Amino acid sequence: MAEQYEHGDTTQDPRVVMNEELNGPQADAVTHVDGPLLIFAGAGSGKTRVIVYRIANLLAGHHVPPYRILAVTFTNKAAGEMKLRLERLVGPEIVRDLWVGTFHSVCVRLLRKHHEAAGLDRGFVIYDDADQRAVVARVLKELDLDDRRYPPRQVLSRIHAYKQEGRSPDDIDSDSYFDDAVTRCYRAYERHLKTASAVDFDDLLLAVLRLVEDPESLAGEDLRSRFRYVLVDEFQDVNHVQYRLVRALCQKHDNLCVVGDDDQSIYRWRGADVRVIRGFRRDFPTANVIKLEQNYRSVGNVVQAALGVIRHAKDREPKELWTSNRPGDPVQVVAADSEHDEAAWVAARIRELTEQGVSPREIAVFYRVHAQSRVLEEVLRSERIPYQIIGGTRFFERAEIKNLLSYLRVVVNPRTDVDLHRIINVPPRKIGATTIDRLIQVADNLQVSLYDAIQPLAEGAIQDAHTGNKPSVTPQIRKNLLAFRDMMEKLREMAREASPSQLAEEILERTGYARLLKEEDNAEADARLQNLHELLQSILDYEEEMKAAGEPALLTGYLERVSLTSDADTLEDVPKVAMMTIHAAKGLEFHAVFLTGMEEDLFPFRSMEPSRNDDVEEERRLAYVAVTRAREKLWITHASRRAIFGQTRYNAPSRFLKDMPASAVRGVLTPASQLMARRPEGSGGFGMSQGAGRFGGGRGDRDRSAGARFDDGPRLAWRHPQQGAMGSAGSASPPAALRNLPVRPPTPSATAAPGERFVEREPDVESDGEAISLRRGSRVQHDRFGLGTVNSIDPGPDPIASVTFSGWGTKRIMVRFLKPLEGR
DNA sequence: GGAGTTGGCCTTTTT
DNA sequence: GGCCAACTCC
192 MAEQYEHGDT
202 TQDPRVVMNE
212 ELNGPQADAV
222 THVDGPLLIF
232 AGAGSGKTRV
242 IVYRIANLLA
252 GHHVPPYRIL
262 AVTFTNKAAG
272 EMKLRLERLV
282 GPEIVRDLWV
292 GTFHSVCVRL
302 LRKHHEAAGL
312 DRGFVIYDDA
322 DQRAVVARVL
332 KELDLDDRRY
342 PPRQVLSRIH
352 AYKQEGRSPD
362 DIDSDSYFDD
372 AVTRCYRAYE
382 RHLKTASAVD
392 FDDLLLAVLR
402 LVEDPESLAG
412 EDLRSRFRYV
422 LVDEFQDVNH
432 VQYRLVRALC
442 QKHDNLCVVG
452 DDDQSIYRWR
462 GADVRVIRGF
472 RRDFPTANVI
482 KLEQNYRSVG
492 NVVQAALGVI
502 RHAKDREPKE
512 LWTSNRPGDP
522 VQVVAADSEH
532 DEAAWVAARI
542 RELTEQGVSP
552 REIAVFYRVH
562 AQSRVLEEVL
572 RSERIPYQII
582 GGTRFFERAE
592 IKNLLSYLRV
602 VVNPRTDVDL
612 HRIINVPPRK
622 IGATTIDRLI
632 QVADNLQVSL
642 YDAIQPLAEG
652 AIQDAHTGNK
662 PSVTPQIRKN
672 LLAFRDMMEK
682 LREMAREASP
692 SQLAEEILER
702 TGYARLLKEE
712 DNAEADARLQ
722 NLHELLQSIL
732 DYEEEMKAAG
742 EPALLTGYLE
752 RVSLTSDADT
762 LEDVPKVAMM
772 TIHAAKGLEF
782 HAVFLTGMEE
792 DLFPFRSMEP
802 SRNDDVEEER
812 RLAYVAVTRA
822 REKLWITHAS
832 RRAIFGQTRY
842 NAPSRFLKDM
852 PASAVRGVLT
862 PASQLMARRP
872 EGSGGFGMSQ
882 GAGRFGGGRG
892 DRDRSAGARF
902 DDGPRLAWRH
912 PQQGAMGSAG
922 SASPPAALRN
932 LPVRPPTPSA
942 TAAPGERFVE
952 REPDVESDGE
962 AISLRRGSRV
972 QHDRFGLGTV
982 NSIDPGPDPI
992 ASVTFSGWGT
1002 KRIMVRFLKP
1012 LEGR
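This note's numbering runs 191 ahead of the 1-based position in the first sequence.
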């Protein structure tokens, strides 16, 4: 059946390929070659191995030509790893011809082939988020819409959402004025991208999808018959466009193998839909379904903790993850006093680990949001523990880097307005805002790009259609404009011969950008120079790599790589502790993991905007992902007080902690936290009188209750059940207890009846002589701003609350101006 | 026209 | 706490 493939030595016996041990379901997943196949791969169940063997089996066992196999991964890094492992099995020559990559990188490759059919220039550029926002900003101006009423971010996210559903401006019924405005923006946005010969991330997929689904298109026919076997990894995170794309690509043969785990679906916010994997059997009734349920990665206690968390998830595909690994150490749940205390604790444990001989590359620190990383980073730096941060402010987002890249992109494609706008006056060449406004005016009038508007503006030949004005410029400005254009033309000329790195250096020289930075001669400018140097090096690396692969090093190729490289791809294999968000940790594993910030409202994360808070389920899955990254050791930390986003918050431990089985977990207090715990109650001001001291025998674990210390402001009080007080000897280990903490009892201020095991309350806030109980989450009314929700309260003689009002955003208001409402 | 300063904004997760 | 935009001053 298979076409023979004569390239290289593919004659390996499949049994040779299969000589590693695979268990029953794994072997099935490898050998079930034809027809649709759905593999549920639990965390740590050897998924990558199965995919690699499956591909090797297709190549060697079934002699499928490599260029007929498409494997889609979630990150470039995963693709690289897959290729590496395949090379060991079937050799590099064959692997070179395989199609392995992310949806986006595969689509770019296909689009470069069929750019004409897709209506794109050969040199099309990819607009990232910032570029897109710049386009939206320009569009808003053009349509005369107030960017305060229509924040570019919001408009853009709407456009995104439409695109991820595959809807064009024509497919939208707008039933509100806002929607209507967004739709008009969407239309204009599309027009601008087209004029600029630019695509955004969504377009990459949509453009290919349009071709594949077009029965008339020749390019579409090529795409439809191109691949005979399609594999999709991390299938729980595909969105609708991606799913349609996959189906269209294999409509001729149905040899579609998807691998995923609905429990690990964590990208709903960017269009992923778990229902796709859950509904796969409905769409492909003949599909075989295989479940990989044995976890080979983690020690028993980690698996138990993870299972405890995910067991409470709604609507999951039934599966039983299990392991035969030894139980290992219990998962440690660490109560810290503050984020600094937490960071210090983490650093101390990392120090211990490395002293025991654990390599820093086997240690990772996770957090829910990037904002948490700074404190951790500071401590690691002062402790001289080597670390690398994945994500955050990205290298390629630094201004100087974007500038140089913009130059390169304009060289490739002068019509890319966003890039032109960014560099036309960098370094300053006396082309100011007024001039640029005129340039935009001319460009809009003529419906051309900014670059193509330079000449007409300089010549003053244009008349504004509406006002009849002739946008004109002074002779000096005219000279500046033409000089700029001239310089770009020379660079474009040069680009035909020179390598990308030569061109980049030439740009730095010729534009005077390098000189400017050198002359500034301060720390910041030095850092920028350093960064530019790093960029040059990365271009050189790219050229090296292409040379090694026997391919030409094209500037477009480099730019494309930059656009499509994700944070997760930047994890280096070096002996440094890895710090990253949990999202970035997906697919990775470490000997030791620190999961920080395990607190209500941080994890599960609660946004200030109530609208976007329906996703505790996804947070739960995120917690599951986090826990299952650890092979041997897992510390989960939470702090009772944390300064984040410019304010101090007092959060209870995360609800997910209490879902972990007691047998797998051990509670620990940091020294600072113990100190707090021992602090005698009654030392503070008001608010403590009922908060503490009602129950309990005065043991250490009892008085972490909050109200006891007013100087720290209002905080949630909690109390550990007596039962868990193992080991009294002052060790104050809080018990297994943490996991049983009730989070937000139904009536917060209700006095707990004796016998109730926990209390949660916080000091009331006096207001205008009338005692009201305001707390985080309280609904309040303000004369001017209307209804709002309390985020936090700064205590004092005149307490101030941070309150989010719908329509007004977050304001700081004195509590006495707020009227509490019933309910929350 | 340009540079510098202040004020106001938001504040998840990213191919 | 950091970034962007608008405003002011030169």
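All C-beta atoms, glycine included, are put in the ideal place defined by N, C-alpha and C.
In this text, all values refer to a predicted model and were calculated from it rather than measured experimentally.
When you compare only the Cα positions, how much space is there between residue i and residue j?
i     : j    : result
N479  : S348 : 37 Å
D717  : L708 : 7 Å
N594  : D393 : 24 Å
I242  : G233 : 14 Å
Y1023 : F796 : Residue 1023 lies beyond the residue range present for the chain, which begins at 192 and ends at 1015; the question has no answer from this structure.
L334  : R669 : 28 Å
E533  : A830 : 7 Å
D413  : K443 : 12 Å
E809  : A328 : 32 Å
D628  : D371 : 26 Å
A398  : G582 : 28 Å
A269  : T702 : 39 Å
Y598  : L611 : 8 Å
A555  : M771 : 8 Å
E307  : Y380 : 21 Å
Q345  : Q323 : 12 Å
R300  : D312 : 14 Å
V856  : S489 : 15 Å
R540  : G271 : 32 Å
G898  : D337 : With a pLDDT of 27 at G898, under the threshold of 50, the modelled position of that residue is not reliable, and the figure given next carries that caveat. Straight-line Cα distance between these residues: approximately 46 Å.
G314  : N516 : 53 Å
L289  : N446 : 16 Å
I698  : L682 : 8 Å
Judging by CA-CA distance, which residue of the options is the nearest neighbour of residue i?
i     : options                   : result
P256  : V241, I230, G411 and E284 : E284
D520  : L512, Q495 and I622       : Q495
L396  : Q355, E407 and W826       : Q355
F557  : Q838, L275, T819 and Y318 : T819
G357  : A504, V432, R488 and Y487 : V432
Y733  : M770, P691 and L699       : P691
V617  : I581, D764, L672 and L571 : L672
D1030 : V429, A379 and L440       : Examination of residue 1030 is not possible in this model, given that the chain is present from 192 through 1015 alone.
S416  : R438, G623 and D428       : R438
P360  : F231, F369, I350 and D225 : I350
Is residue i near residue j, with beta carbons less than 8 Å apart?
i    : j    : result
Y353 : Y377 : yes
V286 : E278 : yes
L402 : A410 : yes
F418 : R259 : yes
V525 : W536 : yes
D850 : V330 : no
R472 : L723 : no
V549 : H383 : no
L848 : V784 : no
E591 : R706 : no
K482 : P216 : yes
R606 : S388 : yes
Residue i and residue j look like a contact to me (Cβ under 8 Å); what is the Cβ gap, rounded to whole Å?
i     : j    : result
Y749  : I730 : 6 Å
R1044 : E780 : In the structure displayed, the chain extends from 192 to 1015; residue 1044 sits before or after that span and is not available.
G237  : Y487 : 6 Å
V602  : L694 : 7 Å
D424  : T665 : No, D424 and T665 are not in contact; Cβ-Cβ is about 59 Å, not under 8 Å.
R552  : K767 : 6 Å
T186  : A527 : Coverage of the chain is limited to positions 192 through 1015, which leaves residue 186 absent and any answer about it impossible.
V297  : L250 : V297 to L250, Cβ: 18 Å. No contact.
According to DSSP, residue i sits in a beta bridge with which residue or residues?
i    : result
T293 : T264
F392 : Looking at the DSSP assignment, F392 forms no beta bridge with any residue, so it has no partner.
R833 : R840
V449 : L229 and V423
L786 : F557 and I827
Does the beta carbon of residue i fall short of 7 Å from some heavy atom of the ligand SAM?
i    : result
Y733 : This structure lacks the ligand SAM; in fact it carries no ligand of any kind.
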